[in-house]
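Trainee: Residue numbers (the working numbering), protein chains in the order written: chain A, 2 to 887; chain B, 2 to 887. For every residue, glycine included, the Cβ atom is placed at its ideal position computed from N, Cα and C. These numbers were taken from a predicted model, which means no experiment stands behind them. Structure incoming, see below.
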C-alpha cells in the first residue's frame, strides 16, 4: 500500500524524533517498572534510589528481549546505548571494560517481571580474557583469585552461551583435583587454575569448533543474547507453565559491576530473608559463606553458615545488614529476600525482592504486620498467595503416631508426604502420572532440569544444600513438602539406592517426610487433618469481612459436607447425584432400571433407588443444617453405568436372568459416538421423566423428614445441560408436579434452577431467567464446548499447544476470560436484565482457582463453589478480588 | 408483592375500561389481520369489505385459542361477546339460532395464520337438533335435505367434538344402504336418514356414555373448543413440523351462516384456482359438484366436474364467478384458491386464499404477472417459495426413454418418481427411513393421517380424488410427484395388491410415476437433468439483479463444480479435501501415512498423495475458471481413515508388512472418546504440520500449472476448527512458508482464512480478523457445539424434542437465530470492527436453506455456499431477503 505523502512524512518525522530508550541505569528506574525492567532490575533501581549500597549497573529492558526474539537482532540504536551505559559504568567504577591494567568485570543476569528462581541463566566475571586477567592479578595482587574467577567465567560462559555440557568442565576439574591429590577446589594452586582455564577453552573448541571469544564486548553481547534466548529454554517454559506465568514480554538483562566475595577471608556472600520464610517468625534468617561467590551458596555445593554467625565474624557488617533489612522491609512493606556480598569488608546488596514463603509463613507475616501497624487487614490479605494455603489444608503426620525416624535433614518446606522412593525426575513423573503412584523424589541436590519430577512427586528429599537451595525454594513455591541437606543419607542414583548407615532402601520402599521437622520416617505414616486455628483463623476472619462472594462447596456425601462446613462453606453449590448411583449397593438397581424394557419394569428398581437416594439426602440436609443445598439431577449418559467387559456382562445377564445378547443389545443401543454431546443431562430427564421424578421424590421425602425433626432445609433443584428454555420449562413442570403430590406436607424451601454449561444457555439467558430461580455455571462443560475440546481426548494436542504457546494456560484449570468468560458475561448480563437479583454461582474446577474467582467476583456472581479443601482458598481469593476490585 | 395503592388503582381502572375484543364480525376485519383472525377469517373479512357475496359470520381470534389452551377456559367476557355476535348474525340472516320454526344453522371452521389444508377440523350444519330440524323442513319443504344435513352434522360433531371413530358412522351408513339395497347416499329416503340420525346418536351414547348435546349454544361452545384443541392434535403438529410452521398462537374459529349446496339441483359447491396451479397458465381452473356440500368435493368421494362445465349448467352464475375471480386476483395481486357454494341459484364465496401451486406454476405466474403489469420484478420473486423450486432442479423421466405405461391418472403434482410399491403410510416410512429404500405410496385416497408416509415416499398414487384432493394438494406443497384419481387401478391395501386389469403388482414391484402427464410406468425409468430455461431463467435473472449475497457452492470434484457453475454458482465456498482421501487409489497411501512411525517414513506416502491432490485441484481450478475456490485443509480425525473390521485390519497389516498388533496399536492410539471434540481440524495441522504442508504444496503446484495454461486462479486456503487466534497464526505461517518455497513462481492469488465453527472463534473474532483474510461459518459444527448436540447421537432425543415442541425446528436444518445466530452476529460485529471489509461467508447445510439465507443477508454476510442443486434456491432466497430487508 502506498502511503499518501503527508502520512508518510508524519511517520518519518515520528521515527526520527522519538528515540526508544532500551537501557536504564539503575538510577533511572524504580520498583514500579517491573514490566519493563524485570523484578530484579526494578528492585536494584529502587534500592539504588533509596540509598542502599548496590554495585552500579544498568538494565536492558524486556522490550529489547521481545524485539530480539522476534527479529533475531538487536533494535537500531541499541549498540550505541550500550556503549553509553558502559562508559558511565566505567567512570563510576574507575575501571575500564577490557582494560589490561584495571579491567572492569561485570555480571550479566536475567530478571523477568515475575520471579523465576534458578530458571534463567547468569554469567559472572564477564570481561576476563588472557590479557585482562593479568590486570586483575596486578590490581588485587591475588593470582589464585583471578584465575579462579577466570575459570569460573569460562565454565559459565561455555555452558550458558556456547552450549557446552557442564559435565565436561566438572570432569576436567575433578581430573585436575585427582592429579593434584586435593579435595577442595580452593586447594588448587594458581598454576593449576590457569591450566584449567586452558583445558576449559580446549573443551569449548572441541565441542563447538569455535574459539572462546576474547573480546569483552563480544562476550557481553553474546551473554545478553544467551539470556534472552534462555527465555524459551525448556526449564523456563516448564516453570512458567507450572506456575501459570503468562503475558510477559521476556526477560530483562541486568549488567552490573562485579563485586567479589571470593577475594579472601574478608570477603563473603550470602542470602537472607528478613523474616523466617518457613514459619513467618520475625527473625532475620539466612545463610552465608566467606570467601565465596554467590552461586556457591544457592547451588548447595558447600553447606553455608547461619546468618547469626556473621555477627561473630564481622559485627559491623552484620549491624549494617540488619539496618538495611529494616529499611527494605519498611520500604516494601513486605518480607524481603536479599542477596549480599562482602568485598574486602565492604557490604553490597545484589538483590532484594519480596521473599517467597510457605503459606504458614505468609499467614503469620501478614497477621504480624497488621499487629505491627505496617499493613491494614486489606493490604495484609494481598500478601498471601491464595493458592499456596492449600498446603495448610492437607493432612500432617498424626501426632500420636509412632515414628521410626531413620534420618533428619533441614525442614525446608513444611507439610508431610509419603510415597515410594524414586531417584530421577523422569521416574517420578512416569510413576506418578502413568501409574498414579505416590512417590518421593530423592536426589543429592535438585536442579532446574528436575522441575517436572518435582512437580509429580509428593515430596523431595536431598542430601545436600541448605534452606535456600534449589529444592527448598522451589518446593516452598509449590507448597510441597521438602527435606534438604540431609547429611545422614547417601544417595546413589545410578544404583538406585538410598543408604542410611546400615539401612539400604530401594525403589520398592516407602518413606514418609515431615517437612516441618525434617524427619525422614520409614514406612507410611497415618496422617491427620490440619488445625485451622490461630493466624489462619484470623486471615479467614479478615477474608470473611472483606469478601463479597459467598463460598459454597461441591459435596456428594455427608462426610464431604462435614469437612466443607468446618472449612467454612456456606452451602452446597453442587451435589452430583450420579456418584451415589455408582455405590456398590445401588449400581445393581441402576443397571436393572437401565435394562428394563418399559416404564412398568423400570418402576420397581426406581422405587428401591429412591429409598437409597432419600437416605443420602437426609444425611446431607442434616449436615448442612439449613444452608442452601444445590442438587443436580442425574447428568451422565446411562451407558456409563453399564459394564464393558465380557465377564461382567455375563454376570449381569445371569443376575437379571436375561441373555448376554439382551445386555449387549442394551449396551449397543446406548452406545454413543460422542457421549459428551449425547443423551445426558436434561435430555435424560426429558426422555425418561420417571428417573428425574424419582430423584425429586427422594429429595422431598428427605427434606420433609429433616424439617420434621427440627432442622431447616433449603434445597435448590438443578436441571443440567439446558440449552433451550423449553427444556427447562418442561423439566420444571415435572419437578413441580412431583412436589405438588406432597400437598400440604411440603415444609421445606425449594428453588428450581439450571446449570449453565451449554454455550446456547448463555446466549439465551434472558429467556432462561424468566423461568429459572437460579443459574449455576458448569464451566467444565462450558469450556469444553466453547473450545470444542473433549477433556478425554485433548491429550493428543493440548501438551503441544502449551509447548508452542498456542495456549498460555490450560483453560480447564483457569477460566479462559477471553472466550468462555465472554459467554459468562453475556449470560450474567442477559439473565440479570430479565431478573435483576438472579442468583448466579459457579461450580466445577474453576470455582477453587483464585484467578477464576477474581473473574467471578468481577462479573458479579453471587457465589463460587469448590471442593471442600479449597473453601479457605476460595474465601481468601474472594476477599483479594474484593480488595483489588475497589 | 404488594402494589402501592396508586399503582393498584391504576391497574384496576385499566382492566375495567379496556375490554378485550375476542370476536370480530367479518365487517370489522381485513386481510392484514391474519395473525389475529387466521388466514381464512382475514380473507372472509376482506372479501366482505370489497363487496364479494360472503355468508355473514364472525371470527373468534387466535388469542382466544391461546388463552383457552393455556387456561383450559374461555376468558372473561367471551360468552357475552359470543351472544352479541350471534344476535347480529341472526338479524342479518332473518333466522334465529335454535329456533324451532326458522333455525339459523352455522358452520364452524378453523383457520390459522398459516394455511394447513385438511389438518384442522370443520363442523357444518351446527344448530340442528330434533326440534330445529323440523323448522328446517318447514322452511325449505325438503325433509330429505334436512335429515341429510342432520345426519351429517351428528356424524361430524360425533367424530370431531365427541371423539367417536368415524368408521362407526360409516358402518351404520353402509348397513343402512345395504338393508335398503341402495348404492348412493342420496338414494336413502328421508325416513331412513331420520333413522340414521337416531342410530348415530346411539353410537355416540354407546361410545361416550354421554347424550348428544341438543342445545345449539352448547353445540357451538363444544365445537369451538374442539377446534381449539385440534391445534395440538397429531396431524396438525406433524403438518406444522414438516412445513416448518412456528410461532403461531393457535387457530382462529370462523362461525358463519350456513349456505347449502345440497338443497337440490339448483344448488352446488366447488373449489377453483384463478390460474392453473400445476402449470401457471392463466386459465380458470377448478371443479364443482351440483347438489353437494363442500366436503364432498375435496374429500374425493365423488369425482367432480371441471369448472368449465358450470358455464353450460348455469351461465350467469359462471359469469359472476369469473368476474369475482378477476376482482380477487387484482385485489390480492396473486393467484387465488376459492371455495364457492350455490344455494338455490345464488352464488356465495366461502373462502379465498393465495393458491398453493407447483414451483413451475409459481414461476410462470410470477413472470406472467410481471408481463401483465400486475407485479414488479421485486414483488414477483416474493410469490415463489424458494424451497419449492428444488422440484424443478431434480431429474425428470428421460424424454427418449421407452415407456411401458400401465395406467393413467390425473397429473396432480409434477416431477417424476420411481420406487417400490407400498400400501400404507407406516410401511412407506419404515422402508424409506430405516432401509433407505425409494418407495411409491399407493392408496385409494390419502388422509391427513398419512402425512408421515407421504413425506417419506418418492411419490403418491391414488385411485380416487381429483386435482384438489388431499393427496394432490399436499404433494404440490411438498414438491412431490403425485398422480391422483387413477380410476384404472384397484388398490387392495389389506392384500397389499395393486391391480390393473390382469396385472397384479405387489410390494416387490417397482413403478415410475410421471407427475406431469399422469402416466404410471412399470419398472424404473431413466431420468434426465432439468432444463433451466424460459421463465426459470427469467426468475434467476430477476434474482441476480436484486440479491446482495453472492452464491457459492460446496463442491469437492470437477464434476460437482461443473453442475454448480451451470446453476450459476459464483465460486466454491467449501472444497473438502478429506473426500479425496477416501478415494480408492488414495486410501492406501493415507493409511500408510497414518501408520508411519516417524516423519521420515511419513514423507513417502505424503509425496504420493500430493500428486493425487494436485490433480484434483487442477481439475477444480480449471472448471472454476478464476472464480474464488475455498479449499479447507484436512479436517476429520485420522481414525476415520482406518478400518474397523478384523479382516480389513489383517489385510492392512499384510499390505504394509507389519503385525496385526501394530495396526491395532495405531487404531487404539487414535481412538477418541468424543472424536468430534478431539484431534481434528487445525489440531491435526499443528500436531502433524507436514500433512497440511503437503496439501498447500498440492494447491500451489496445481494453481501454478493452471495459471501457466492461461486461466486465472483465486484460491482461499482455509484453516479449520480454529478457536484461538494463535492456532491460526501458527498454521498461517506454515502455509506461508510453503508458498514462499515457490518464490517467483507464485502466479496465482491466494488468501488464508479460517472456518468459524467453534463458539470461541465467534467470541474472539476481533483477534482472528487481525490475522485472517476471510471467515467462513461452518454452521454444522457451530450448531452442534452451541447446543452441545452431536448429530450422530441426538437421534435418541431430538425426535422427542420435536414431538414435545421443545425444539420447533431442527437447528441443523435451519439456523437457530436465537442462539447460534447470536454467536454469528457477535462474530460478524467483532470481525468487522477489526477489519471493516472482512469477507464472511457460510458453508454447510444452512447455506441452502431459505430462512437461513434470509438471516445471513440480514447480518451482512458476503456470500452463502450450498450444494450445487441448491444454488438456484439460494439465489432466489437471497433476492427475496434483499427485497424484504428494504
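So the alpha helix (DSSP H) residue 859(A) belongs to, where does it begin and stop?
Mentor: Start at 1 with the first residue of the first chain, and residue 859(A) comes out as number 858. From DSSP, the alpha helix (DSSP H) with residue 859(A) extends over 851 to 859.
Trainee: Going by other Cβ atoms of all chains shown within 10 Å of its Cβ, with 16 needed for buried, is residue 359(A) buried or exposed?
Mentor: Along the first chain, one-based indexing puts residue 359(A) at 358. Taking every protein chain shown into account, the CB of residue 359(A) has 16 or more other CB atoms within 10 angstroms, so this residue is buried.
Trainee: With 16 other CB atoms within 10 Å as the buried threshold, where does residue 356(A) fall?
Mentor: Here residue 356(A) corresponds to residue number 355 of the first chain, with the count starting at 1. Buried.
Trainee: Which of helix, strand or coil does DSSP assign to residue 151(B)?
Mentor: Along the second chain, read from residue 1 onward, the residue named residue 151(B) stands at position 150. Correct three-state label for residue 151(B): helix.
Trainee: Below 9 Å on C-beta distance, what does residue 819(B) contact in chain A?
Mentor: Your numbering for residue 819(B) matches position 818 in the second chain. Within 9 Å Cβ-Cβ: 725, 761, 764, 765 and 768.
Trainee: Taking only beta-carbon atoms, is residue 680(B) less than 8 Å away from chain A?
Mentor: Here residue 680(B) is taken as the residue at index 679 of the second chain, counted from 1. Cβ-Cβ to chain A under 8 Å: yes for residue 680(B).
Trainee: When the Cβ atoms of the region 681 to 698 of chain A are set against those of the region 796 to 806 of chain B, are three or more pairs found closer than 8 Å?
Mentor: yes
Trainee: Which of helix, strand or coil does DSSP assign to residue 483(B)?
Mentor: Taking the first residue of the second chain as 1, we reach residue 483(B) at position 482. In the structure shown, residue 483(B) sits in a strand (DSSP, three-state: E or B).
Trainee: Leaving out the 5 sequence neighbours to the left and right, which residues in its chain are closer than 7 Å to residue 383(B) when beta-carbon positions are compared?
Mentor: Residue 383(B) sits at position 382 when you count from the first residue of the second chain. Cβ neighbours of residue 383(B) beyond the five flanking positions: 881 and 884.
Trainee: Have a look at residue 483(A) and residue 802(A) and give me their C-alpha separation to the nearest angstrom.
Mentor: Along the first chain, one-based indexing puts residue 483(A) at 482. Along the first chain, one-based indexing puts residue 802(A) at 801. Straight-line Cα distance between these residues: approximately 31 Å.
Trainee: Report yes or no: is there a C-beta of chain B within less than 8 Å of the C-beta of residue 785(A)?
Mentor: Taking the first residue of the first chain as 1, we reach residue 785(A) at position 784. Output row for residue 785(A): interface = yes.
Trainee: When the Cα atoms are used, what is the spatial distance from residue 8(A) to residue 256(A)?
Mentor: Along the first chain, read from residue 1 onward, the residue named residue 8(A) stands at position 7. Along the first chain, read from residue 1 onward, the residue named residue 256(A) stands at position 255. Any reading at residue 8(A) is ruled out, since the residue's pLDDT is 35, under 50, leaving its predicted position unreliable.
Trainee: Where does the unbroken alpha helix (DSSP H) through residue 333(A) begin, and where does it stop?
Mentor: Residue numbering aside, residue 333(A) sits at position 332 when the first chain is read from its first letter. Where residue 333(A) is concerned, the enclosing alpha helix (DSSP H) stretches over 316 to 333.
Trainee: If the cut is a Cβ gap below 9 Å, which residues of chain B does residue 677(A) touch?
Mentor: The count along the first chain starts at 1 and reaches residue 677(A) at position 676. Per Cβ cutoff of 9 Å: 674, 675, 677, 678, 789 and 791.
Trainee: So, helix, strand or coil for residue 582(A), using DSSP?
Mentor: As a first step, residue 582(A) is located in the first chain; it is residue number 581 there, counting from the start. Correct three-state label for residue 582(A): helix.
Trainee: Would you kindly work out how many angstroms separate the C-alpha atoms of residue 475(B) and residue 408(B), rounded to a whole number?
Mentor: As a working mapping, residue 475(B) is identified with position 474 in the second chain. As a working mapping, residue 408(B) is identified with position 407 in the second chain. Computed Cα separation, rounded: 22 Å.
Trainee: Distance check for residue 569(A) and residue 837(A), CA to CA, integer angstroms please.
Mentor: Position 836 of the first chain, counted from the start, is the residue given in the question as residue 837(A). Position 568 of the first chain, counted from the start, is the residue given in the question as residue 569(A). Approximately 28 Å, taken between the alpha carbons.
Trainee: What whole-angstrom Cβ distance do residue 155(B) and residue 183(B) have, given they're in contact under 8 Å?
Mentor: Numbered from 1 along the second chain, position 154 holds the residue referred to as residue 155(B). Numbered from 1 along the second chain, position 182 holds the residue referred to as residue 183(B). Not a contact, Cβ separation roughly 20 Å.
Trainee: Which complete beta strand (DSSP E) runs does the region 216 to 299 of chain B hold, if anything under 3 residues is left out?
Mentor: 252 to 258, 269 to 274 and 286 to 291
Trainee: Under a three-way DSSP split, which group does residue 885(A) fall into?
Mentor: Within the first chain, the letter at position 884 stands for residue 885(A). The answer is helix: DSSP assigns residue 885(A) an H, G or I state.
Trainee: Quick one: complete alpha helix (DSSP H) runs, 4+ long, within the region 506 to 585 of chain B?
Mentor: 535 to 547, 559 to 567 and 579 to 582
Trainee: With 16 other CB atoms within 10 Å as the buried threshold, where does residue 207(B) fall?
Mentor: Counting from 1 along the second chain, the entry for residue 207(B) is found at position 206. Result: exposed.
Trainee: To the nearest angstrom, how far is the alpha carbon of residue 263(B) from that of residue 76(B)?
Mentor: In the second chain, the residue the question calls residue 263(B) occupies position 262. In the second chain, the residue the question calls residue 76(B) occupies position 75. About 37 Å.
Trainee: Could you tell me which uninterrupted alpha helix (DSSP H) segments, each at least 4 residues in length, are contained entirely in the region 767 to 826 of chain B, listed from first to last along the chain?
Mentor: 780 to 788 and 799 to 805
Trainee: When DSSP labels each residue in this structure, what does residue 503(B) get in the three-state scheme?
Mentor: One-based indexing of the second chain puts residue 503(B) at position 502. It is coil, neither helix nor strand.
Trainee: Examine the Cβ distances between the region 782 to 797 of chain B and the region 815 to 830 of chain B and report whether three or more of them are shorter than 8 Å.
Mentor: yes
Trainee: Around the Cβ of residue 5(B), are there at least 16 other Cβ atoms within 10 angstroms (buried) or fewer (exposed)?
Mentor: Within the second chain, numbered from 1, the residue matching residue 5(B) stands at position 4. Here the model assigns residue 5(B) a pLDDT of 35, short of 50, so the residue's position is not dependable and the matter cannot be decided.
Trainee: Examine the Cβ distances between the region 428 to 441 of chain B and the region 398 to 405 of chain B and report whether three or more of them are shorter than 8 Å.
Mentor: no
Trainee: Is there a Cβ from chain A that is less than 8 Å from the Cβ of residue 797(B)?
Mentor: Here residue 797(B) refers to the residue found at position 796 when the second chain is read from its first residue. Yes, its Cβ sits closer than 8 Å to a Cβ of chain A.
Trainee: Helix or strand or just coil, what does DSSP make of residue 17(A)?
Mentor: Here residue 17(A) is taken as the residue at index 16 of the first chain, counted from 1. Residue confidence is low: residue 17(A) scores 40 on pLDDT, short of 50, so the model does not pin down where it sits. Its coordinate-derived value is still stated next. Residue 17(A): helix per DSSP, three-state reduction.
Trainee: Near residue 3(A), which residues of its chain fall below 8 Å by C-beta distance, leaving aside the five closest residues on each side in sequence?
Mentor: Within the first chain, the letter at position 2 stands for residue 3(A). Since pLDDT at residue 3(A) reaches only 31, below the 50 mark, its modelled position is unreliable, and no value is offered.
Trainee: May I ask which residues mark the beginning and end of the beta strand (DSSP E) holding residue 406(A)?
Mentor: Taking the first chain and counting its residues from 1, the one referred to as residue 406(A) is at position 405. Looking at the DSSP string, the run of the beta strand (DSSP E) that includes residue 406(A) is 406 to 409.
Trainee: So which residues of chain A does residue 824(B) contact, with C-beta pairs closer than 8 Å?
Mentor: In the second chain, the residue the question calls residue 824(B) occupies position 823. Correct list: 760 and 764.
Trainee: Step through the CB atoms of chain B and report whether any lies within less than 8 Å of the CB of residue 13(A).
Mentor: Taking the first residue of the first chain as 1, we reach residue 13(A) at position 12. Bear in mind that a pLDDT of 39 at residue 13(A), under 50, signals an unreliable position, so the number given afterwards is only what the model happens to contain. For residue 13(A), the answer is no, since every Cβ of chain B falls outside 8 Å of its Cβ.
Trainee: Return helix, strand or coil for residue 443(A), following the three-state DSSP convention.
Mentor: Translated into the one-based positions of the first chain, residue 443(A) becomes position 442. Three-state DSSP puts residue 443(A) in a strand.
Trainee: I want to verify the contact list: residues of chain B whose CB lies under 7 Å from the CB of residue 684(A), in sequence order.
Mentor: Taking the first chain and counting its residues from 1, the one referred to as residue 684(A) is at position 683. Within chain B, the residues near residue 684(A) are 798.
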